[in-house]
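As you go down the protein sequences, you meet chains A and B in turn. Residue 0 is where the first sequence starts when you use numbering that gives the first Met the number 0, and the numbers rise one by one after that. Residue 0 is where the second sequence starts when you use numbering that gives the first Met the number 0, and the numbers rise one by one after that.
Number of protein chains: 2
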Amino acid sequence: MDRRRTDTRSRIRSVAMELFTEQGYDKTSMREIAERLGVTKAALYYHFKTKQDIVTDLFASLPEGIDEIVRWARNQPAGAKTREEILVRYGTLLHEYGRDMARFFYTNQAAFGRHESAFTMREGMRLLAHAMTTPDHNPLDTFYARQALLTLGWSSAMMGDLDLTDDECFEASLKLGRELLQRISPTAGHIT
Amino acid sequence: MDRRRTDTRSRIRSVAMELFTEQGYDKTSMREIAERLGVTKAALYYHFKTKQDIVTDLFASLPEGIDEIVRWARNQPAGAKTREEILVRYGTLLHEYGRDMARFFYTNQAAFGRHESAFTMREGMRLLAHAMTTPDHNPLDTFYARQALLTLGWSSAMMGDLDLTDDECFEASLKLGRELLQRISPTAGHIT
DNA sequence: GTCTATAAGGTGATAGAC
DNA sequence: GTCTATCACCTTATAGAC
C-alpha cells in the first residue's frame with residue numbers, strides 16, 4: 000500500500016510549523032526539524048528542495064485565496080458595500096487558517112522580506128487595500144482600509160493569551176474593522 | 000580632545016539600524032555591518048559586547064518610556080479619560096522615535112521572541128492594554144485596548160509607502176485608536 | 001524513502017599584537 | 001581603538017550507498 004506515501008511529508012509539515020511558530024523561521028534549522036522528527040536532515044531534503052519550500056507549501060492556498068478575492072472584487076461595483084465584503088472575505092480566509100498561521104506570518108515578516116516568490120502578508124494586505132480604494136486610491140482612504148485589514152490579522156496573532164475563543168476574536172475584530180471602514184469618504188469608489 | 004570618542008560607536012549604531020530595518024535583524028551579520036562601515040568585526044566587538052547589545056542600546060529609552068506611562072497611569076483614576084491619555088502618550092512615544100523604529104520592531108518580532116532581557120513591542124503593548132483595563136481586565140475590553148494601541152504602531156510601520164507625512168499618519172491613527180476605545184464598556188474602570 | 005558522509009561556507013565571538 | 005588571525009560551531013544543501 001502506498002496509503003502512507005505522504006505520511007512523512009505531512010509529519011515534516013506539522014513539526015516545521017510547530018517549530019517555526021515556537022521560535023521563529025530564522026532561528027529554526029533543518030537539523031532541529033529532523034531531530035524532533037527522528038529522521039535525518041537528508042530525509043527532509045528528499046521531500047522539500049529547500050527550507051523556504053516548506054513554508055511555501057504550508058501556505059500555498061493563502062496567496063491563492065487573496066488572489067481570488069482580488070479577482071472577485073474586480074467584477075464588483077466600487078463602493079462601500081464591496082469594501083466591506085472584501086474585509087469579511089479576508090477575515091474569513093484568515094479565520095479558517097487559524098491562529099497559528101496568523102501568528103507565524105506576523106512574527107516572521109523579516110524572514111520573507113525581499114525574496115523572489117515568497118508570499119508576505121504585508122503584500123496581500125496591500126493588494127486588498129488597493130482593491131478597496133478603487134479607483135481613486137486616496138492615501139488617507141488607503142490608510143483606513145489597511146488599518147481595517149490589519150485589525151483582522153492581529154486579532155488572531157496577538158490575542159492568543161486572552162480568554163476569548165477564536166470565534167469571539169474574529170467577530171470582535173470584524174466589528175472593529177467595519178467601524179474603521181466608515182472613515183473612508185462615502186463618495187469614494189463612486190462615479191460622480 | 001575626546002569629542003570624537005563616541006564617533007565610531009554612533010556610526011555603528013546608525014549603520015546597524017539601517018541594515019536591520021533593511022533586511023531584518025537575523026539576516027544581518029556583524030561582518031556585514033563592519034564591511035559597510037569600513038572596519039573589522041573585531042572593532043564592533045570593542046564597542047558592543049554582543050549583537051543583541053546593539054539593539055538594546057538603540058532602543059534603551061523605549062522600555063523606559065513605556066514604564067513611565069505605566070507608572071503615571073497607576074496614579075490616575077481608572078476610566079475612559081485615563082485610557083485615552085495612555086493611548087495618546089503611547090502614540091507620541093512611538094511618533095517621536097519615528098518610522099524606522101516601529102518598522103524595525105514590528106518586522107523583527109521573531110528575533111526577540113523568547114529572550115531574557117530583550118524588550119519587545121508586544122510586551123509593551125500588553126502592559127499598556129492591561130493598565131487601560133484596570134481593574135477588571137475584561138477580556139473583550141483588553142482586546143479593544145490592544146487593537147487601539149496596535150493601530151498606532153502600524154501607522155508608522157506599514158504605511159511608509161503612502162503619500163502621507165509622519166504627522167498625518169500619526170493623527171489619523173490616533174483618531175482611529177480613540178474610536179476603537181469607545182467600544183470599551185463605559186462603566187469599565189469605575190467603582191460601581 | 002531514508003541513510004551516512006561531506007561539501008562549502010557562514011556565524012558570533014575572542015586573543016593578542018600594534 | 002582598531003587590527004589580523006583564528007576558534008568552535010552552525011548552516012543549507014548534495015552525492016551516493018542501501
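Note that the Cβ used here is the ideal one computed from N, Cα and C, for glycine as well. For clarity, every value in this text was computed on a predicted model and none was experimentally measured.
Distance between beta carbons of residue j and residue i, contact taken as under 8 Å
{"i": "B/Gly176", "j": "B/Ala156", "result": "So it is not a contact: roughly 14 Å between Cβ atoms."}
{"i": "A/Ala77", "j": "A/Gly152", "result": "Incorrect: roughly 23 Å between the Cβ atoms, too far for contact."}
{"i": "A/Gly123", "j": "A/Ile65", "result": "4 Å"}
{"i": "B/Thr7", "j": "B/His46", "result": "7 Å"}
{"i": "A/Ala109", "j": "B/Tyr96", "result": "Wrong, their Cβ atoms sit about 18 Å apart, outside the cutoff."}
{"i": "A/Thr186", "j": "A/Ser172", "result": "Between A/Ser172 and A/Thr186 the Cβ distance is about 27 Å, and since that is not below 8 Å, they are no contact."}
{"i": "A/Pro138", "j": "B/Leu61", "result": "Not confirmed; about 28 Å, so no contact."}
{"i": "B/Arg35", "j": "B/Val14", "result": "5 Å"}
{"i": "B/Ile11", "j": "B/Leu57", "result": "Actually they do not touch by this definition, with Cβ atoms about 10 Å apart."}
{"i": "A/Leu161", "j": "B/Thr133", "result": "The pair is not a contact, with the Cβ atoms about 16 Å apart (cut-off 8 Å)."}
CB contact check: residue i to chain B, cutoff 7 Å
{"i": "A/Met131", "result": "no"}
{"i": "A/Gln75", "result": "no"}
{"i": "A/Thr141", "result": "yes"}
Neighbour list for residue i in chain B, Cβ cutoff strictly below 9 Å
{"i": "A/Asp25", "result": "Gly23, Tyr24, Asp25, Lys26, Ala109, Ala110"}
{"i": "A/Met16", "result": "Correct list: empty, because the minimum Cβ distance to chain B is about 14 Å."}
DSSP state of residue i mapped onto helix, strand, coil
{"i": "B/Thr81", "result": "helix"}
{"i": "B/Lys40", "result": "helix"}
{"i": "A/Asp160", "result": "coil"}
{"i": "B/Ala59", "result": "coil"}
{"i": "B/Tyr105", "result": "helix"}
{"i": "B/Ala187", "result": "coil"}
{"i": "B/Lys48", "result": "coil"}
{"i": "B/Lys174", "result": "helix"}
{"i": "B/Arg217", "result": "The question about residue 217 of chain B has no answer, for chain B in this structure spans 0 to 191."}
{"i": "A/Ser9", "result": "helix"}
{"i": "A/Gly112", "result": "coil"}
{"i": "B/Asp140", "result": "helix"}
{"i": "A/Thr154", "result": "Rather than Thr, the amino acid found at residue 154 of chain A in this sequence is Ser. DSSP places A/Ser154 in helix when its eight states are reduced to three."}
{"i": "B/Asp99", "result": "helix"}
{"i": "B/Thr20", "result": "helix"}
{"i": "B/Thr91", "result": "helix"}
Interface residues of chain A facing residue i [CB-CB closer than 7 Å]
{"i": "B/Pro138", "result": "Leu161, Asp162, Leu163"}
{"i": "B/Glu178", "result": "Glu178"}
{"i": "B/Thr39", "result": "Chain A residues near B/Thr39: none, gap ~25 Å exceeds 7 Å."}
Neighbouring residues, chain B, relative to residue i (Cβ below 8 Å)
{"i": "A/Gln146", "result": "Thr150, Trp153, Ser154, Ser172, Leu175"}
{"i": "A/Thr106", "result": "Gln108, Ala109, Gly112"}
Residue-level contact to chain A via CB, residue i, 7 Å cutoff
{"i": "B/Thr55", "result": "no"}
{"i": "B/Met120", "result": "no"}
{"i": "B/Met100", "result": "no"}
{"i": "B/Thr7", "result": "no"}
{"i": "B/Met202", "result": "The structure shown does not extend to residue 202 of chain B, since chain B is modelled only from 0 to 191, so the question has no answer here."}
{"i": "B/Asp1", "result": "Note that B/Asp1 scores 48 on pLDDT, short of 50, meaning its location in the model is unreliable and no value can be drawn from it."}
Neighbouring residues, chain A, relative to residue i (Cβ below 9 Å)
{"i": "B/Thr91", "result": "Those do not exist, as B/Thr91 stays about 19 Å from chain A at its closest Cβ, beyond 9 Å."}
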